[in-house]
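Numbering (the UniProt record's numbering), first residue to last: 1 to 219.
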């Protein structure tokens, strides 16, 4: 998948050309003779008569070119008009190549910057969407549905009540209590003095002393 290149606005291109003229100012002041371009720039209405006079009255060639560049940088068509004037003279085409290369480089840098900002926006938007989906799934997984179709969150006060968490307040057994219908009979207390007999077979008699039996037979 290839992301489409952002389209630069007219204002962005004007700003790029202005920045290029500022960055190349030193080079252009040494390479361009302002007096060769004054007439052409005036014909394009880029410079006024007063501008041309102000430029011409400067003491050195570098200062004259510097003033001209300052005026051109404030005009949206200033750099393009200067390139046309250089082409018209047909003597410094290498300057055209250098200027256009710098403009293209600055344009590419701006496009990459905008593309990076767009990618960051899409990334954070996607991350936010994934976070919302994850939260929704966690919320849905904690919902309980009652028989009548109503839903209640697992974090509701009823489900989180201490009595339910610890088991307090719940009946310990569903068996009937003594005295209630269905409860087993309460055992009767034994009388005092009555020896406890085994609950086994009634035919089994308690053992007696062998000496007592012998004495009974003798009598």
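Where is the CB? At the ideal position from N, CA and C, for every residue including glycine.
Notebook entry, point to check: Which of the three DSSP states, helix, strand or coil, is assigned to residue 13?
Noted result: Reading the chain shown from its first residue, position 13 is the one you call residue 13. In the structure shown, residue 13 sits in a helix (DSSP, three-state: H, G or I).
Next item on the list: Identify which residue in 55, 61 and 85 has its Cα closest to the Cα of residue 225.
Entry: Since the displayed the chain opens at 1 and closes at 219, residue 225 lies outside it and no answer follows.
Notebook entry, point to check: What number of angstroms, rounded off, separates the C-alpha of residue 84 from the C-alpha of residue 50?
Noted result: Counting from one through the chain shown, the residue named residue 84 turns up at place 84. Counting from one through the chain shown, the residue named residue 50 turns up at place 50. One C-alpha to the other measures close to 22 Å.
Next item on the list: Helix, strand or coil for residue 104, going by three-state DSSP, please let me know.
Entry: For the purposes of this step, residue 104 is taken as the residue at position 104 of the chain shown. Helix, per DSSP.
Checklist line | Inter-stretch contact (C-beta, 8 Å, three-pair minimum) for the stretch 27-39 and the stretch 53-69 | finding: yes
Margin query: Along the chain, where does the alpha helix (DSSP H) containing residue 179 start, and where does it finish?
Written below: As a working mapping, residue 179 is identified with position 179 in the chain shown. Looking at the DSSP string, residue 179 is not in any alpha helix (DSSP H), and its letter there is neither H nor E.
Notebook entry, point to check: Between residue 76 and the rest of its own chain, which residues show a CB-CB distance below 7 Å, the 5 nearest in sequence each way excluded?
Noted result: Indexing the chain shown from 1 puts residue 76 at position 76. Contacts found: 14.
Check: Excluding five sequence neighbours on each side, which residues of the same chain lie with their C-beta closer than 6 Å to the C-beta of residue 92?
Finding: Residue 92 sits at position 92 when you count from the first residue of the chain shown. If we look at residue 92 and ignore the five residues flanking it on each side, its Cβ neighbours are 86.
Next item on the list: Classify residue 45 as buried or exposed, calling it buried when 16 or more other Cβ atoms lie within 10 Å of its own Cβ.
Entry: By one-based count along the chain shown, residue 45 stands at place 45. Label assigned to residue 45: exposed.
Check: Alpha carbon to alpha carbon, how far is residue 114 from residue 59?
Finding: Within the chain shown, numbered from 1, the residue matching residue 114 stands at position 114. Within the chain shown, numbered from 1, the residue matching residue 59 stands at position 59. Cα to Cα, the separation comes out at about 44 Å.
Check: What's the gap between the Cα of residue 20 and the Cα of residue 62?
Finding: Indexing the chain shown from 1 puts residue 20 at position 20. Indexing the chain shown from 1 puts residue 62 at position 62. Computed Cα separation, rounded: 18 Å.
Next item on the list: Can you tell me which of the three DSSP states residue 37 falls into?
Entry: In the chain shown, counting from the first residue as 1, residue 37 sits at position 37. Three-state DSSP puts residue 37 in coil, outside helix and strand.
Checklist line | Where residue 221 falls: helix, strand or coil (DSSP) | finding: In the structure as shown, the chain begins at 1 and stops at 219. Residue 221 is therefore absent and cannot be evaluated.
Next item on the list: Output yes or no for whether 9 Å exceeds the beta carbon distance between residue 98 and residue 27.
Entry: What you label residue 98 is simply residue 98 of the chain shown in a count that begins at 1. What you label residue 27 is simply residue 27 of the chain shown in a count that begins at 1. Yes, Cβ-Cβ distance for residue 98 and residue 27 is below 9 Å.
Item checked: When 179, 182 and 112 are compared against residue 7, the one with the closest alpha-carbon -> By 1-based counting over the chain shown, the position of residue 7 is 7. The candidate whose alpha carbon is nearest that of residue 7 is 112.
Next item on the list: State the Cα-Cα distance for the pair residue 82 and residue 94, rounded to the nearest angstrom.
Entry: Here residue 82 corresponds to residue number 82 of the chain shown, with the count starting at 1. Here residue 94 corresponds to residue number 94 of the chain shown, with the count starting at 1. Distance between the alpha carbons of residue 82 and residue 94: 14 Å.
Next item on the list: Measure the C-alpha to C-alpha separation of residue 252 and residue 12 and round it to an integer number of angstroms.
Entry: Because the chain here runs from 1 to 219, residue 252 falls outside it and cannot be looked at.
Notebook entry, point to check: First and last residue of the alpha helix (DSSP H) that includes residue 46?
Noted result: Numbered from 1 along the chain shown, position 46 holds the residue referred to as residue 46. Looking at the DSSP string, residue 46 is not in any alpha helix (DSSP H), and its letter there is neither H nor E.
Notebook entry, point to check: Taking Cβ positions, are residue 73 and residue 107 nearer each other than 9 Å?
Noted result: Indexing the chain shown from 1 puts residue 73 at position 73. Indexing the chain shown from 1 puts residue 107 at position 107. Contact: no.
Checklist line | For residue 43 and residue 30, the rounded distance between their alpha carbons | finding: Indexing the chain shown from 1 puts residue 30 at position 30. Indexing the chain shown from 1 puts residue 43 at position 43. Cα-Cα distance, rounded: 24 Å.
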